[in-house]
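Protein chains in written order, with the working numbering: chain A, 1 to 343; chain B, 344 to 686.
Think of the CB as a built atom: it goes at the ideal place given N, C-alpha and C, for glycine as much as any other residue.
Number of protein chains: 2
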Amino acid sequence: MSENKIRNMEEFAALSGISRPTVSKYFNNPDSVRASTRARIEAALEEHDYRPNIYAVNQNRRLTKNIGIVVPYLADPFFAEIARKIELRCIEAGLSPILFSSHGEKDLEVDILDSLRSMKPAGVLLAPLGRISDRGVIEKFCRDVPTILFDSNLDGIGEAFVGSDNFSFVSQSVEYLTRSGNPPVLFEMLRPANPNANKRRKAYMSMMERLGFEPRIFQAEGDGWGFEEIGFKEGLRFLDQKPAQTDTVLCSNDRLAIGFLSACFERGIQVGRGESCTMRVAAHDDHPFSRFTCPSLTTVAHDYDQVSNKVIEMLFQLIESGGHFESRSEHLYPAKLVLRSSA
Amino acid sequence: MSENKIRNMEEFAALSGISRPTVSKYFNNPDSVRASTRARIEAALEEHDYRPNIYAVNQNRRLTKNIGIVVPYLADPFFAEIARKIELRCIEAGLSPILFSSHGEKDLEVDILDSLRSMKPAGVLLAPLGRISDRGVIEKFCRDVPTILFDSNLDGIGEAFVGSDNFSFVSQSVEYLTRSGNPPVLFEMLRPANPNANKRRKAYMSMMERLGFEPRIFQAEGDGWGFEEIGFKEGLRFLDQKPAQTDTVLCSNDRLAIGFLSACFERGIQVGRGESCTMRVAAHDDHPFSRFTCPSLTTVAHDYDQVSNKVIEMLFQLIESGGHFESRSEHLYPAKLVLRSSA
DNA sequence: ACAAAAACTTTACGCGCGTAAAGTTTTTGT
DNA sequence: ACAAAAACTTTACGCGCGTAAAGTTTTTGT
Numbered sequence: 001m002s003e004n005k006i007r008n009m010e011e012f013a014a015l016s017g018i019s020r021p022t023v024s025k026y027f028n029n030p031d032s033v034r035a036s037t038r039a040r041i042e043a044a045l046e047e048h049d050y051r052p053n054i055y056a057v058n059q060n061r062r063l064t065k066n067i068g069i070v071v072p073y074l075a076d077p078f079f080a081e082i083a084r085k086i087e088l089r090c091i092e093a094g095l096s097p098i099l100f101s102s103h104g105e106k107d108l109e110v111d112i113l114d115s116l117r118s119m120k121p122a123g124v125l126l127a128p129l130g131r132i133s134d135r136g137v138i139e140k141f142c143r144d145v146p147t148i149l150f151d152s153n154l155d156g157i158g159e160a161f162v163g164s165d166n167f168s169f170v171s172q173s174v175e176y177l178t179r180s181g182n183p184p185v186l187f188e189m190l191r192p193a194n195p196n197a198n199k200r201r202k203a204y205m206s207m208m209e210r211l212g213f214e215p216r217i218f219q220a221e222g223d224g225w226g227f228e229e230i231g232f233k234e235g236l237r238f239l240d241q242k243p244a245q246t247d248t249v250l251c252s253n254d255r256l257a258i259g260f261l262s263a264c265f266e267r268g269i270q271v272g273r274g275e276s277c278t279m280r281v282a283a284h285d286d287h288p289f290s291r292f293t294c295p296s297l298t299t300v301a302h303d304y305d306q307v308s309n310k311v312i313e314m315l316f317q318l319i320e321s322g323g324h325f326e327s328r329s330e331h332l333y334p335a336k337l338v339l340r341s342s343a
Numbered sequence: 344m345s346e347n348k349i350r351n352m353e354e355f356a357a358l359s360g361i362s363r364p365t366v367s368k369y370f371n372n373p374d375s376v377r378a379s380t381r382a383r384i385e386a387a388l389e390e391h392d393y394r395p396n397i398y399a400v401n402q403n404r405r406l407t408k409n410i411g412i413v414v415p416y417l418a419d420p421f422f423a424e425i426a427r428k429i430e431l432r433c434i435e436a437g438l439s440p441i442l443f444s445s446h447g448e449k450d451l452e453v454d455i456l457d458s459l460r461s462m463k464p465a466g467v468l469l470a471p472l473g474r475i476s477d478r479g480v481i482e483k484f485c486r487d488v489p490t491i492l493f494d495s496n497l498d499g500i501g502e503a504f505v506g507s508d509n510f511s512f513v514s515q516s517v518e519y520l521t522r523s524g525n526p527p528v529l530f531e532m533l534r535p536a537n538p539n540a541n542k543r544r545k546a547y548m549s550m551m552e553r554l555g556f557e558p559r560i561f562q563a564e565g566d567g568w569g570f571e572e573i574g575f576k577e578g579l580r581f582l583d584q585k586p587a588q589t590d591t592v593l594c595s596n597d598r599l600a601i602g603f604l605s606a607c608f609e610r611g612i613q614v615g616r617g618e619s620c621t622m623r624v625a626a627h628d629d630h631p632f633s634r635f636t637c638p639s640l641t642t643v644a645h646d647y648d649q650v651s652n653k654v655i656e657m658l659f660q661l662i663e664s665g666g667h668f669e670s671r672s673e674h675l676y677p678a679k680l681v682l683r684s685s686a
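Now the structure itself:
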């Protein structure tokens, strides 16, 4: 590796003995040049380490190879995990993923879409905030930029939606809980940050009806993304109700359940299937920490791999189709019951 | 907002009635033009929504306004949290933060630095992987790109280091535990992913010596960033040792403790200060979930705000100094003991 | 061995901006 | 009100690349 720095493609082309337009062609697609010239260019690349100026490249391309990935709240390990999977797949495919988090704030989501728009990305994978999203802004964005929604759906927006099937989550948890004990009360947020929560409530209602039980819902107060805190505080309020409503609680998601379990512990209530236990708790999502709660949490798991694979597959299809699909499709993946100790 | 799209700054300048060089000046620094012309430009901006092409802008600037933020493992909520704070501060200051996660992989860290180098960032905030980092690559990167290290230090690399004082963590936890009960055994990883762990071990040794107790260390097997799993599995191994070593355990970090508490629960061991409890557990970091473990975890907290503020302050100083400091400085912030129920 | 096809070179222009230089207008300070 | 300073306009060039067009060399297939 010689130390003389190369300023631009012109200089590099001269050193490699290949003309600049051909070198340019190579960087756009190494397979588009003859094997012998490719070898010469790569030999020169070994010697001199040169990389095309990404800004000059992107200025002249209609679309870049950038992929915007937007999640609503990165401090939630669930999103960190799925973002990680998607990122790695993009890198493998020679694309440049750029990760953004809306941090639970509507304005920040708008700002992110704004700067994404000026980045001319080949595609955007957007998990919207949901209930509090500025629907108009997102709709307009999706008309300008090829976008696939994931995790939470906004009807009719984006080229496609990929996510888990909320009915599948709830049907499995309700079915299991009713089969193995008393029917569950649903513990959820009064004003959920995420539209999946609404779908889960509806699924709970319909499942309970189908099984011939009366649905009962406890709605926790509190806003924002501090679900554990809400689950804890409102869990205490729930537990302190007299008379006790039930011995079986189904939390809308694992993060609420983590707080709820903490409230049970605080009140000295033993949770689980054992004889000495007076409460059963289950939830949905299979959060990375659910294996380590006390007791470990019985939950229903997303199929991370299926969802992230499908997101990537749809993204590639979208890019090949020139950024637009004939019709919008929705892809829902079933969830898997994970039996642990809490119910 | 009229709908005719503006192609470039030339067109926008014409519409605003101001010459293009002055408009360019405005976008670089709105305060550098007369108030009256600024008003005219901003009036036109209201009407026509135009934004300079970032690629053309960045091509011509020696340095961009991009700030690279690199963390070792984003699925760890601790890093998600500190990244969030730093990101928001950059946005406030008119910079463009770009977040990367090494996902615990050496090669990915190298790739990230590689692509950051070609992005001509005004500055980079790097929390390196640590023990497994390719030290040579990072050293070379820091010579080319103005970089501030945070969270974990690499001696002599980067323009400055900002982080928490590991000795402060351990001195407070050990002091508290010895004062209120039996001296603690340190529960740590045999091959910690992070150099902070080594500093904590040394601090533990010296604190125990100073207080006149014999240091005892349990080293958990296992590699990678799945700390909870390691804490759980090796926690079981620790608890099953006969004879029992101690009733007081100090985990090197909270994520190990989350797994360890789960192991205690599994073995039916009651943890806490109460009369019926047979084990005390404490740790370090004040992980976002530590408030919701069962029992809630006594730990020592990073001063997130101080650290992230200082990181940002040093970044701004670095940019003003033209990317280089006269001498490398290290800034360590003391931690704060957080008493909860586990010890 | 030959023609056709493919891949290359040479030349040239354009992308959308930063920015320098020279000249003009507006503002500032007394 | 006046000169000096500041801010502007006009003109022009450069950044590092993509890419088109015309001409040349190399490869391919028979």
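Would residue i count as contacting chain B if we go by Cβ distances under 8 Å?
{"i": "R38/A", "result": "no"}
{"i": "Y304/A", "result": "no"}
{"i": "Q270/A", "result": "no"}
{"i": "P77/A", "result": "yes"}
{"i": "R84/A", "result": "yes"}
Does the beta-carbon distance from residue i to residue j come in below 8 Å?
{"i": "V687/B", "j": "H630/B", "result": "A question about residue 687/B goes unanswered here, because the residues of chain B that appear run from 344 up to 686."}
{"i": "P97/A", "j": "A418/B", "result": "no"}
{"i": "A503/B", "j": "L533/B", "result": "no"}
{"i": "V505/B", "j": "V654/B", "result": "yes"}
{"i": "L406/B", "j": "A465/B", "result": "yes"}
{"i": "D590/B", "j": "T636/B", "result": "no"}
{"i": "P395/B", "j": "F265/A", "result": "no"}
{"i": "I217/A", "j": "L256/A", "result": "no"}
{"i": "I481/B", "j": "I500/B", "result": "yes"}
{"i": "K120/A", "j": "Y304/A", "result": "no"}
Quick one: grab the DSSP three-state call for residue i.
{"i": "A563/B", "result": "strand"}
{"i": "F632/B", "result": "coil"}
{"i": "Y376/A", "result": "This structure does not reach residue 376/A, given that chain A is present from 1 up to 343, and the question cannot be answered."}
{"i": "T64/A", "result": "coil"}
{"i": "A343/A", "result": "coil"}
{"i": "L442/B", "result": "strand"}
{"i": "K679/B", "result": "strand"}
{"i": "L468/B", "result": "strand"}
{"i": "A160/A", "result": "strand"}
Taking Cβ-Cβ distances shorter than 8 Å, what residues in chain B pair up with residue i?
{"i": "Y26/A", "result": "Neighbours of Y26/A on chain B: none; closest Cβ ~17 Å, over 8 Å."}
{"i": "P121/A", "result": "Ordered by position in chain B, no residue passes the 8 Å Cβ test against P121/A, which lies about 12 Å from the chain."}
{"i": "E81/A", "result": "A418"}
If the cut is a Cβ gap below 9 Å, which residues of chain B does residue i touch?
{"i": "E228/A", "result": "P631, F632, R634, F635"}
{"i": "A127/A", "result": "Per Cβ cutoff of 9 Å: no residues; A127/A is ~15 Å from chain B at best."}
{"i": "F161/A", "result": "What F161/A touches in chain B: nothing, since even the nearest Cβ is about 24 Å away."}
For the ligand FMN, is there any heavy atom lying closer than 7 Å to the beta carbon of residue i?
{"i": "I425/B", "result": "No copy of the ligand FMN appears in this structure; indeed no ligand is present at all."}
Pull up the DSSP beta-bridge partners for residue i, would you.
{"i": "M189/A", "result": "A220/A"}
{"i": "Y204/A", "result": "For Y204/A, which the question treats as bridged, DSSP gives no partner whatsoever."}
{"i": "T248/A", "result": "R280/A"}
{"i": "T642/B", "result": "A626/B, V681/B"}
{"i": "L451/B", "result": "L451/B is not bridged to any residue."}
{"i": "T147/A", "result": "V124/A"}
{"i": "H674/B", "result": "V505/B"}
Using a Cβ cut-off of 8 Å (strictly closer), state whether residue i contacts chain A.
{"i": "A546/B", "result": "no"}
{"i": "S476/B", "result": "no"}
So which residues on chain A does residue i lean against when the C-beta distance must stay under 8 Å?
{"i": "I601/B", "result": "F289, F292"}
{"i": "A686/B", "result": "Within 8 Å Cβ-Cβ: nothing; A686/B doesn't reach chain A, min ~16 Å."}
Cβ closer than 7 Å: which chain A residues qualify as neighbours of residue i?
{"i": "I441/B", "result": "I98"}
{"i": "L604/B", "result": "C294"}
{"i": "F608/B", "result": "C294, P295"}
Which residues in chain B have a C-beta closer than 7 Å to the C-beta of residue i? List them in chain order.
{"i": "R51/A", "result": "S461"}
{"i": "Y55/A", "result": "Y398, N401, Q402"}
{"i": "F232/A", "result": "F635"}
Residues of chain A with CB closer than 9 Å to the CB of residue i, please, in chain order.
{"i": "H446/B", "result": "R84, E87, L88"}
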